[in-house]
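A.B. asks: For the protein sequence lines, the chains are A and B, in the order given.
Just so we're aligned: the first sequence equals residues 5 to 120 in the numbering used here.
Just so we're aligned: the second sequence equals residues 5 to 120 in the numbering used here.
Mind looking over this structure? Questions follow.
There are 2 protein chains.
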Amino acid sequence: MTYAKTAAFTANQQQLARVAKALAHPARVAIIQLLASKQTCISGDIAAELPLSRTTVSQHLQELKTLDLIRGEIDGLTVCYCLNTDLLLQVQQQFTAFFIEATSGAACGPADACAC
Amino acid sequence: MTYAKTAAFTANQQQLARVAKALAHPARVAIIQLLASKQTCISGDIAAELPLSRTTVSQHLQELKTLDLIRGEIDGLTVCYCLNTDLLLQVQQQFTAFFIEATSGAACGPADACAC
DNA sequence: AAAGTATGTCGCAAATATACGACATACAAT
DNA sequence: ATTGTATGTCGTATATTTGCGACATACTTT
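This is the structure:
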């Protein structure tokens, strides 16, 4: 296996990377924004709003669903997707903590060895 | 081109996805955390601390550098990397805004059509 | 029952990402 | 000048992602 040495990293790093990967495509960002903006949970309308084929959108939806960031509820013929707000709040905190950690450090102050 | 229809998405969505992609690998998350924790900007020591070959780490560094999330300063034989704190702060705000947008919405309240 | 509609899954093609050895470059030290 | 060290780049193999057409499934409607 010349791939995926993820096992050697922290659980935190892996989790952060996993969620980041879910957001690493504009279509998936757009889907989440769509679900957040629409008051009702839309279904195949999502595909209609995106510049991608229905198949591709369905796959992006499945990816988000696998991570449990969104959930689908079958309602007769259509499927109703909506955000998992609880998980999103957790993820938000995780990202916030990461960014605070990354930005609070003096990170090479003027007295340090290098001057970048 | 059966790939990268990114042009059809918002600049905001693309930017968010671009940064998310940078964080979509545990090694890159680890690199940022390392640079944040070490008071001095380390260089090849980064490679030594990660469970990856020097070559691979170098590539991850280049990726982060391309996005300007980190910067390198040549100091004789070694190269000094450090975080671009300013950009990281911007990115942090962008992510925060996104998560607030995603989590503040009622997102399928009890009165809505579907019950997820 | 038959036809229509909304979704999901499969299979394929092309693009990217990941990982690393081998080589090139650049500076330091002798 | 020659040798050694620290980094970066290139080439390559493999894994994964992306995108979509074609098909399968499930439910609704007539």
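Ideal placement from N, C-alpha and C gives every residue a C-beta, glycine not left out.
Measuring straight from C-alpha to C-alpha, what distance separates residue 19 of chain B and residue 108 of chain B?
C.D. replies: 22 Å
A.B. asks: For the structure I just gave you, are there three or more beta carbon pairs, one from the region 14-32 of chain A and one from the region 15-33 of chain B, closer than 8 Å?
C.D. replies: yes
A.B. asks: Could you please give me the residues that DSSP links to residue 194 of chain A through a beta bridge?
C.D. replies: The question about residue 194 of chain A has no answer, for chain A in this structure spans 5 to 120.
A.B. asks: Please report whether the beta-carbon of residue 107 of chain B lies at a distance below 8 Å from any beta-carbon of chain A.
C.D. replies: yes
A.B. asks: For residue 33 of chain A, I'd like the list of residues in its chain whose CB is within less than 7 Å of its CB, leaving aside the five on either flank, ordered along the chain.
C.D. replies: Excluding sequence positions up to five before and after residue 33 of chain A, its CB lies within less than 7 Å of the CB of 27, all in the same chain and listed in chain order.
A.B. asks: Return the residue from the list B:79, B:103, B:92 and B:60 that minimises the CA-CA distance to residue 44 of chain B.
C.D. replies: B:79
A.B. asks: Quick check on residue 25 of chain A: does DSSP put it in helix, strand or coil?
C.D. replies: helix
A.B. asks: Cutting at 6 Å between CB atoms, please list the residues of its own chain near residue 95 of chain B, excluding the five before and the five after it.
C.D. replies: 23
A.B. asks: So, with DSSP's three-state summary, where would you put residue 16 of chain B?
C.D. replies: helix
A.B. asks: Three-state secondary structure (DSSP) at residue 4 of chain B?
C.D. replies: No statement about residue 4 of chain B is possible, as the shown extent of chain B runs from 5 to 120 and does not include it.
A.B. asks: What in chain B is Cβ-close to residue 100 of chain A, meaning under 9 Å?
C.D. replies: 96, 99, 100 and 103
A.B. asks: Quick one: using the 10 Å Cβ neighbour count with 16 as the cut-off for buried, is residue 81 of chain B buried or exposed?
C.D. replies: exposed
A.B. asks: Check the C-beta distance from residue 104 of chain B over to residue 87 of chain B and give it rounded, since I have them as a contact under 8 Å.
C.D. replies: 24 Å between Cβ atoms; not a contact.
A.B. asks: Taking the alpha-carbon positions, what's the residue 62 of chain B to residue 71 of chain B distance?
C.D. replies: 15 Å
A.B. asks: Leaving out five residues on either side along the sequence, give the residues of the same chain with a beta carbon under 6 Å from the beta carbon of residue 83 of chain A.
C.D. replies: 47 and 76
A.B. asks: Applying the 10 Å Cβ sphere with the 16-neighbour rule, what's the burial state of residue 97 of chain A?
C.D. replies: exposed
A.B. asks: Along the chain, where does the alpha helix (DSSP H) containing residue 30 of chain A start, and where does it finish?
C.D. replies: 30-41
A.B. asks: Relative to the C-alpha of residue 15 of chain A, which residue among B:13, B:12, B:29 and B:16 is closest?
C.D. replies: Cα-wise, what sits closest to residue 15 of chain A is B:29.
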